[in-house]
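Below: one structure, written as structure tokens.
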Amino acid sequence: MKITFTAEPIATLTLIRHGWRPGSRFRLLRQGNLITLTLVTDNDEWDTLCADSQHGYDLGADWVRQNGELVIGGDWLSEFDLTRPKQIKATAAPGKIVITQREQGYFSA
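Just so it is clear: in the sequence shown, position 44 is 44 by the UniProt record's numbering, and no numbers are missing.
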């Protein structure tokens, strides 16, 4: 299933079906022009992630807000110049969301 960011919020039920619930903890990992969000359920893994994320810009730890919002802000998107929803492509699978830059389509006649 593919989810595309729009100016409107992603349907809550879509995220819930994939395990993204209020309070869910997740890892952010940046590799090139790809950002991967992966759910973290193990407490020891979470503690290690929180410590490791303080030492680099390509690893982060966050959680789904209690109101159900999953917020990715700051340098995570702006460093790729992904500041407008039309530039972002997101795909979701159980326990994982992958964010990439939308490819520019060209029409040739």
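Beta carbons: idealized from backbone N, C-alpha and C, even for Gly.
For residue i and residue j, which I take to be in contact (beta-carbon distance under 8 Å), what is that distance rounded to the nearest angstrom?
i: L37; j: L49; result: L37 to L49, Cβ: 12 Å. No contact.
i: L39; j: G95; result: 4 Å
Quick one: what does DSSP say residue i is sitting in, helix, strand or coil?
i: Q101; result: strand
i: D62; result: strand
Are any of the Cβ atoms in chain C nearer than 7 Å to that of residue i?
i: I97; result: The chain inventory of the structure shown lacks chain C, comprising one protein chain alone.
Could you tell me which of the options sits nearest to residue i, measuring between CA atoms?
i: R25; options: G60, D52, G32 and H55; result: G60
i: G68; options: I16, P22 and H18; result: P22
i: L70; options: G56, A90 and D58; result: A90
i: D58; options: D47, D75 and W46; result: D75
i: V98; options: H18, G19, I35 and S53; result: I35
Let's test the definition: count the other Cβ atoms within 10 Å of the Cβ of residue i and tell me whether it reaches 16, buried, or not, exposed.
i: A92; result: buried
i: L15; result: buried
i: V64; result: buried
Where in the stretch 14–55 do unbroken runs of the alpha helix (DSSP H), each at least 4 residues long, occur, reported from the N-terminal end onward? 43–52
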